[in-house]
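In order, the protein sequence lines correspond to chains A and B.
Once you know that position 240 of the first sequence is 240 in this note's numbering, the rest is easy, because the numbers rise by one and skip nothing.
Once you know that position 369 of the second sequence is 693 in this note's numbering, the rest is easy, because the numbers rise by one and skip nothing.
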Amino acid sequence: MRRFLLARAAQALAVIAIVATFAFVLVHLAPGDPFTASLDDPANTAAAHDAQMHAWGYDQPLPVQYVKWLGNLARGNFGWSHSRGRRVAEVLRETVPRTLLLTGCGLIAGVLGGIALGTWQAARRGTKAERATSAVAIATVSVPEFLVALAALALPAARWHWFPVSGIVDPAMHDSMSAIGRAGDVLRHLVLPASTLALLTAAWVSRYHRAAMLVELPEEYVRAARAKGAGEFTAVVSHALRNALSPLITIVGLLLPALFGGTVFIETIFSWPGVGRMMVDAVSGNDYPLVLAGVIVGSALVALGSALADVLAQLANPRVRIGA
Amino acid sequence: MRFQPARRSLCVIIGAIVLITGCGGRDAARTGGTIVLGSALDPKTLFPPTADNVQARELTDLIFRRLADRGPALNTLGDSGFVPRLAQRWEWSPDSQRVTFHLDPAARWEDGQPVTARDVKFAFDVYADPGVGARERTSLTQVVDSMTVGDPLTCTAWFHQRTPERFDVLVTTLVPLPEHLLRTVPHDSLPTSAFSRRPVGDGPFRLAAWDQDVRLELTPSPSYDGRRPALDRVIWSFVPDAATRVKQLIAGESDFLENISVDDAAEAAKQPALRVVTLGSYSYNFILLNLRDGASTRPHPLFADRALRRALTMALDRDLLVRSIFGARGRVSLGPFVRAVWAADTTVAQLPFDRTGATRLLDSLGWRTGSDGIRARAGRKLAFTLLVPSQIATRTRMAVLIQEQLRLAGVQVKVEKIDINAMIDREAKHDFDAVMAGLTATPSPGGVKQTWISSASTGGGLNYGNYHSAAFDAAVDSATSAASLTAAKAHYRTANQIIVNDAPAIWLYEPPVLAGASTRLQIGAVRPDAWWMDIPSWTVSGAKASGPAPN
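Written out as structure tokens, the structure reads:
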């Protein structure tokens, strides 16, 4: 296991380095620069724009900028965010935990819900209810994330006022709340974005898990369990479900990049101040250091999720020997 | 003593009357309350010299004070109508080459230290230092040579020349900074210093909290010597998605939202708890035509021809275009002098919509209609690419209408939607045929020097279309150096007429700037160039009535 973890860490580092290098080249080749907007400002001048470019070293050849960037990165210095007027590390310290909270809640709720739905669908195969829920799941998977998010906004938030429309806290009341009240405030704001993410994840997971369960349910060990007098619930949940989980864990690992991408839409629409929204702002403002830091964080989270999925797959099924 | 029932009732009535009249009879001001303003973005910084987005300007204007401010008429010539802010008064030298400001002795920074003339000089030195990257360094240093300190409450600005708008440039650009807190910080580190996120100002509000991407809160500054703002808290709630911001307003989660679209304004107007407020507009939008062939010095094969440019303008029904997009709220642009600027003249003769005249003009220029309905001359089609920023819906919608109207005149327009940063980049490199552009003018009409005169096509100006007209340049020069308002207006009128006749751009519209506001919010008059400057006088219904606020 130790060798496996070291190998995965080395692999992850290589992936992150390649992705970050590609991103570095691409963001610098994209039209505009961090100070482009000043070129459309009558109060500014192109000379002032050029002075800013020089002051920050963006007028140097790309290889020189790349080496400097790598040197800073090696010292843990992600640079200065031009769009937010502060150090990139400070921005990440605020945004990454918020995204982890959102994706974590969405992922856990979505996976658990998807497993429950997939298991139930497999056990009720061929019934009208199973066909109806399968159709809903397929429709949900087919709809773009932002449409689901907009639908969630339109009714429960904007029309019925069950939940706040946007943000992470009540801007006026949060500071005057007790500690419990503040936690509740964050949870209230979390419900819609996390539910949207969970709904999309659950629909996706349920499709895979239903298929895996349909493979396991006719197996002899399940029939043997029934023959020994185990009830239907025990046979399905205690016996078939555990074996059906192995492939799902790998799939959930692969789901992480998609989930990370999906948060970009959800964070933007619900104004959840996480990495996704930060990336949208950074890309639209050509904030090179912030874009690159976001890419590094994103690829690191994906690599971490993938490694975690491998470890969990082994724990769920001892026959899998990932370190071998 | 026992009251009779009738007498008791009488006393109650009299008591109530006394109470009511007592409360209403005094110079009562409603104080207290919290309002939430919806906003797209955080300010990039709260360091005034580098505050370059709208949110940063809104906030620094409330946290800091300038020496003086434009008055209600928004005059920018001389010092007529300007109102004292940090400076209680000022006096000119006999030769008008310098002006001496006498600062308010009661003015204090948020930390209790007095605001002195050294703070004003320190600020000027910071603005003038190229290493700081102050947004308006060039305009300030072109006008003001230096700043000297007389005594702790007296400072003098020395001007390079006696330009009519020198006072306006000085007082609207320079924001005094606390020298005692910043003198040890190298100038080039100031924009990234802690002060840029935790400023200490001398204005009516102080920064109470700033949670990036979430909220920013201002509260009345206890050290402010002027009238205390009526509100207890003003909170900016940052929501990047425009549709979500509107939903937030409609759901009652915010009280005020600026820059809503005409469609959203119609939706807001239907809500009983909301009303629509019209803010002042200094923006104007136009199709910028490149008079040169890309970045080369060769004339553009189409737009170098003045008559062709005029024909294109005449082929467009701009009234219809504006009504189609903005309904009754939009107005056709008059040229680079927007209506809100004192130099605007609505009597300038505009090129009329005359499709027959336009086609006749194009015929006379040798552009003949081909079998495909598109005009051509010497093997070249009358066709061009129009760049449109994909993020701005009004421009993309209008581009399609323009494409159709010009097609009817035999002109083929290829609409190319492009990211706004990429578009600005191509504009700056002069790499375009035509672009759906927009600019925000300043209350000073002299701003056209940065955008439309010949010298602004090189060396850092915004004349990306390479418009060159000696007559226009001369008229603007005369206007900016005119000593009287009447003379300046006459010269600006001439300049406006020249540029309209030359048609280096097709002047399209002045977009309406609308805001949605909660009906509980009492706003009063809105200053056209900076609505946020009136926030200290805003109140909310339900706030407690009190006597005059302490000074």
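Ideal placement from N, C-alpha and C gives every residue a C-beta, glycine not left out.
Item: Suppose contacts are defined by Cβ-Cβ distances below 8 Å. Is B:ASP512 in contact with B:ILE359 by that definition?; Value: no
Item: Do B:ARG389 and the ligand ATP come close, with the Cβ less than 7 Å from some heavy atom?; Value: This structure lacks the ligand ATP; in fact it carries no ligand of any kind.
Item: Any idea what DSSP makes of B:THR764, helix, strand or coil?; Value: strand
Item: Residue ranges of each alpha helix (DSSP H) run of no fewer than 4 residues wholly in the region 570-653 of chain B, ordered along the chain?; Value: 586-594, 630-638 and 642-650
Item: Please confirm whether B:ARG394 and B:ASP526 have their CB atoms less than 8 Å apart.; Value: no
Item: Give the residues from the region 158-172 of chain A that approach chain E closer than 9 Å (Cβ to any Cβ), ordered along the chain.; Value: Protein chains in the displayed structure are A and B, and chain E is not among them.
Item: Taking a cut of 9 Å between CB atoms, which residues from the region 282-316 of chain A lie near chain B?; Value: SER284, GLY285 and ASN286
Item: Which word fits B:LEU485, buried or exposed, when buried means at least 16 other C-beta atoms lie within 10 angstroms of its C-beta?; Value: In the sequence on display, residue 485 of chain B carries Gln and not Leu. Label assigned to B:GLN485: exposed.
Item: Could you check the C-alpha separation between B:PRO408 and A:VAL148 for me, to the nearest Å?; Value: 54 Å
Item: On the premise that A:ALA282 lies in contact with A:GLY294, defined as a C-beta separation below 8 Å, what is that separation, rounded to the nearest angstrom?; Value: 6 Å
Item: Could you check what DSSP says for B:MET471 in three-state terms: helix, strand or coil?; Value: strand
Item: Can you round the beta-carbon distance between B:LEU876 and B:ILE387 to whole angstroms, since I take them to be within the 8 Å contact cut?; Value: The structure shown does not extend to residue 876 of chain B, since chain B is modelled only from 325 through 875, so no value can be given for it.
Item: So, for B:VAL456: in the same chain, excluding its five sequence neighbours on each side, which residues have a beta-carbon less than 8 Å away from its beta-carbon?; Value: PRO373, THR374, VAL450, HIS511, ASP512, LEU514 and PRO515
Item: Which residues, taken in chain order from the region 796-827 of chain B, show a beta carbon closer than 8 Å to some beta carbon of chain A?; Value: none
Item: Any Cβ of chain A within less than 8 Å of the Cβ of B:ARG521?; Value: yes
Item: Using a Cβ-Cβ cut-off of 8 Å, state whether A:PRO247 counts as contacting chain B.; Value: no
Item: Is the Cβ of A:GLU145 closer than 8 Å to any Cβ of chain B?; Value: no
Item: According to the neighbour-count rule (16 or more other Cβ atoms, all chains shown, within 10 Å of its Cβ), is B:PRO876 buried or exposed?; Value: Outside the shown range of chain B, which is 325 to 875, sits residue 876 of chain B, and nothing can be said about it.
Item: Quick check on DSSP: helix, strand or coil for A:GLN314?; Value: helix
Item: Along the chain, where does the alpha helix (DSSP H) containing A:TRP204 start, and where does it finish?; Value: 179-216
Item: Could you say which of A:VAL64, A:ALA230 and A:GLY305 lies nearest to A:ALA12 if we only look at CA atoms?; Value: A:GLY305
Item: Between the alpha carbons of B:MET722 and B:GLY659, how many angstroms are there, rounded?; Value: 18 Å
Item: Which residues does DSSP pair with B:LEU427 in a beta bridge?; Value: B:ALA411
Item: Nearest-angstrom Cα distance between B:SER470 and B:SER865?; Value: 47 Å
Item: Can you look up B:SER417 in the DSSP assignment and give me helix, strand or coil?; Value: coil
Item: Please go through the same chain and pick out, in chain order, the residues whose beta-carbon is closer than 7 Å to the beta-carbon of B:SER648, but skip the five residues on each side of it.; Value: LEU725
Item: Nearest by alpha-carbon distance to A:SER238: which of A:THR140, A:ARG226 and A:ILE249 is it?; Value: A:ARG226
Item: Any beta carbon of chain A sitting closer than 8 Å to that of B:ALA668?; Value: no
Item: Verify whether the separation of the beta carbon atoms of A:SER299 and A:VAL19 is less than 8 Å.; Value: yes
Item: Restricting to Cα atoms, I'd like to know which of B:ALA447, B:PRO676, B:SER545 and B:LEU603 is closest to B:PRO500.; Value: B:ALA447
Item: Return the bridge partner residues of B:SER561 from the DSSP annotation.; Value: B:GLY362 and B:ARG539
Item: Of all Cβ atoms in chain B, is any one closer than 8 Å to the Cβ of A:GLN52?; Value: yes
Item: Starting from the C-beta of A:PRO273, find all residues in its chain whose C-beta is less than 7 Å away, skip the five residues before and the five after it, and write them out in chain order.; Value: THR95, ARG98 and ILE168
Item: Say whether chain B places a C-beta atom closer than 8 Å to the C-beta of A:ALA48.; Value: yes
Item: According to the neighbour-count rule (16 or more other Cβ atoms, all chains shown, within 10 Å of its Cβ), is B:GLY346 buried or exposed?; Value: Note that B:GLY346 scores a pLDDT of 39, beneath 50, so its modelled location is shaky and nothing firm can be said.
Item: Between the Cα of B:LEU626 and the Cα atoms of B:ASP549, B:VAL735 and B:ILE716, which residue gives the shortest distance?; Value: B:VAL735
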